[in-house]
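**Student:**
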Amino acid sequence: MTGDRNLQTLLAGMRPVQRGGEYVYVLWPHGRPLAGGIEAAVREAEGLTVVLPRAEADRQGLAYDFVGAWITLEIHSALEAVGLTAAVSKALTDARISCNVLAGFHHDHLLVPVADAPRALEVLAELSAQYSDVPRPELLLRNETPEDRDAILALTAEAFAISPATGLPAEGEPVEVKVLHALFDATEYLPGFSVVAVLDGEIVGHVISTRGWVGEHELLGLGPIGVTPRLQRQGIGSALMKETIARANAAGESGIALLGSPDYYSRFGFVPAASFGVESPEAAWGDHFQLLPLALWPGGVHGTFRYAEPFMLL
Ligand SMILES: CC(C)(COP(=O)(O)OP(=O)(O)OC[C@H]1O[C@@H](n2cnc3c(N)ncnc32)[C@H](O)[C@@H]1OP(=O)(O)O)[C@@H](O)C(=O)NCCC(=O)NCCS
1380 MTGDRNLQTL
1390 LAGMRPVQRG
1400 GEYVYVLWPH
1410 GRPLAGGIEA
1420 AVREAEGLTV
1430 VLPRAEADRQ
1440 GLAYDFVGAW
1450 ITLEIHSALE
1460 AVGLTAAVSK
1470 ALTDARISCN
1480 VLAGFHHDHL
1490 LVPVADAPRA
1500 LEVLAELSAQ
1510 YSDVPRPELL
1520 LRNETPEDRD
1530 AILALTAEAF
1540 AISPATGLPA
1550 EGEPVEVKVL
1560 HALFDATEYL
1570 PGFSVVAVLD
1580 GEIVGHVIST
1590 RGWVGEHELL
1600 GLGPIGVTPR
1610 LQRQGIGSAL
1620 MKETIARANA
1630 AGESGIALLG
1640 SPDYYSRFGF
1650 VPAASFGVES
1660 PEAAWGDHFQ
1670 LLPLALWPGG
1680 VHGTFRYAEP
1690 FMLL
C-alpha cells in the first residue's frame, strides 16, 4: 500500500519543467578528453555516450541524430522509488511520444523529440492532475517520543544533506543533526514543542522549539525543522509551523524566534526580529533572523536573542 500511495504522491506533485535549449546524444570520440557542456554520460563497452546541448555538439563538430527537449520532473524521487518512470513512459507512449529517461540523484529527466515537447508537457500535466484528487493518507501531528529519535535524526540528515545556508552538500553529518541531538538532552528542551509529522506510519517531518531568551524574557527558539525530501513542498512544513504557533499560543508563550528564509517564514507572520528590538545572535544573519510576536508579546523587550546552549555548535 505504501508504495502505491507514494507513487500517487509522486505523480500528483511531479511538476514537469522544460529546460531551455535543445539536447543531443553523441558518441564521444575515443580518447578525446571530456569537455564542454556535458549534461549526462553513460559508459558502455562500445564507447561513451554523452548528452549535451545541440549548440555545443555543433561547435565541437560531433554527429547526432536525435534532437531532444529536456524535461525535468522537479519532485524529489528516491532512486528506489517504484513506478514513476513506468507511469510517465506509458502516458507518453499512449500519446505516441517517444521518451528517453535519465535518473539523477534528485530528479528524473525526460528527453523527448523537440517538436513533441509542448504536447509532452500537456500529457504530464494531465497525468499529474488525475492523481491530485486521490485521497491522501491523513497527516498526523503528535509529540515526539524517545523511540522516534533515530528516525527524526535520519530525516534531519536527509533534509539538510544540502545546506540551506550555502546550497552545497553538507560535509559529513549536517551540523543541524548535531544540534538536534544535543537539544534532545538539553535543559532548554521543552516537552510539547518537539513535534513529528506522521504519514501512513512513517515519520516524514519534524520541528523543535526550545527555550531562548532576550535578557530575562523567555521566548521560543524554533529549529531545526525538516521534511523528508521526497515529500517537500506538499504542505507538511506549513502544517508543522502552524502546529507550533498554535501550541505556543496555547502555552502562553510570548514569541518565536528563528533563523531562516524570509520568503518562507513571512507567510506565517514572521518579521525581521530587529523590527521588534530583538537583535540577532550573529549580526551577519540580518533579516534572516526573524520573530513572530504572539498575543502575549509584552513590548518593551530589547536586546540580543540567546538560543539554547546547543546552538553554539552552529
Ligand atoms: C523548509 C521546509 C521545512 C519546508 O517544508 P515543506 O513541507 O517543503 O514546505 P511547504 O510545503 O509547507 O511549503 C512549500 C512552500 O514553501 C516554499 N519554500 C520551501 N522552502 C523554502 C525556502 N527555503 N525558501 C523559500 N521558500 C521555501 C516553497 O517554494 C513552497 O512555496 P509555494 O507553495 O509557493 O510553491 C522543507 O522544505 C525542508 O525540510 N527543507 C530542507 C531543510 C530546511 O531548509 N529547513 C529549514 C531551515 S531554516
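Numbering (my numbering), first residue to last: 1380 to 1693.
Don't be surprised by glycine CBs; every beta carbon is placed ideally from N, CA and C.
Because the structure is a prediction, the values reported are computed rather than measured.
1) Give me, in chain order, the residues of the same chain whose beta-carbon lies closer than 7 Å to that of T1381; leave out the 5 immediate sequence neighbours on both sides.
2) Check whether the Cβ of H1560 lies closer than 7 Å to any Cβ atom in chain D.
3) Keeping to the same chain, check which residues put their C-beta closer than 8 Å to that of G1415; ignore five residues upstream and five downstream.
4) Unbroken beta strand (DSSP E) runs of length 3 or more, entirely within the stretch 1554 to 1619: which are they?
5) Determine contact between the stretch 1546 to 1555 and the stretch 1495 to 1504, defined as no fewer than three beta-carbon pairs at a distance below 8 Å.
6) Using a Cβ-Cβ cutoff of less than 7 Å, which residues in the same chain neighbour G1594 once the five nearest sequence positions on both sides are dropped?
7) Please confirm whether I1454 and R1394 have their CB atoms less than 7 Å apart.
8) Distance, Cα to Cα, P1525 vs I1531?
9) Which of helix, strand or coil does DSSP assign to M1380?
10) Flag this pair as yes or no: are the beta carbons of L1601 and L1637 separated by less than 7 Å?
11) Should A1576 be labelled buried (16 or more other beta-carbon atoms within 10 Å of its own) or exposed?
12) For G1605, count neighbouring C-beta atoms within 10 Å of its own C-beta (all shown protein chains included) and say buried if the count is 16 or more, exposed if not.
13) Helix, strand or coil for A1419, going by three-state DSSP, please let me know.
14) Could you have a look at L1670 and say whether DSSP puts it in helix, strand or coil?
15) Whose CA, out of Y1404, Y1510 and S1468, lies closest to the CA of N1385?
16) Can you tell me whether L1389 is buried or exposed, with buried defined as 16 or more other CB within 10 angstroms of its CB?
**Tutor:** This is what the structure gives:
1) For this step, residue 1381 is matched to residue 2 along the sequence shown. Confidence in T1381 is poor, its pLDDT being 39 and thus under 50, which makes the residue's placement too unreliable to answer from.
2) The structure shown contains no chain D; it holds only a single protein chain.
3) Here residue 1415 corresponds to residue number 36 of the sequence shown, with the count starting at 1. Cβ neighbours of G1415 beyond the five flanking positions: L1431, E1435, R1438 and Q1439.
4) 1573 to 1578, 1581 to 1593 and 1596 to 1606
5) They do not touch, by the three-pair rule.
6) The residue labelled residue 1594 in the question sits at position 215 within the sequence shown. Answer for G1594: G1682, listed in chain order.
7) For the purposes of this step, residue 1454 is identified with residue 75 of the sequence shown, where counting begins at 1. For the purposes of this step, residue 1394 is identified with residue 15 of the sequence shown, where counting begins at 1. Yes, the Cβ-Cβ distance between I1454 and R1394 is below 7 Å.
8) Against the sequence shown, residue 1525 aligns to sequence position 146. Against the sequence shown, residue 1531 aligns to sequence position 152. Each residue's Cα considered, the two are about 10 Å apart.
9) Taking the sequence shown and counting its residues from 1, the one referred to as residue 1380 is at position 1. Annotation note: pLDDT 33 at M1380 (below 50); position unreliable, coordinate value reported separately. Of the three classes helix, strand and coil, the one that applies to M1380 here is coil, per DSSP.
10) The residue labelled residue 1601 in the question sits at position 222 within the sequence shown. The residue labelled residue 1637 in the question sits at position 258 within the sequence shown. Closer than 7 Å, so yes.
11) As a working note, residue 1576 is residue 197 in the sequence shown. Counting Cβ neighbours within 10 Å, A1576 comes out buried, since at least 16 surround it.
12) For the purposes of this step, residue 1605 is identified with residue 226 of the sequence shown, where counting begins at 1. G1605 should be labelled buried.
13) Locating residue 1419 in the sequence shown gives position 40, counting from the first residue. Correct three-state label for A1419: strand.
14) By 1-based counting over the sequence shown, the position of residue 1670 is 291. Reduced to three states, the DSSP call for L1670 is strand.
15) Counting from one through the sequence shown, the residue named residue 1385 turns up at place 6. Ranking Y1404, Y1510 and S1468 by Cα distance to N1385 puts Y1510 first.
16) For the purposes of this step, residue 1389 is taken as residue 10 along the sequence shown, with counting starting at 1. Buried, since its Cβ has 16 or more Cβ neighbours within 10 Å.
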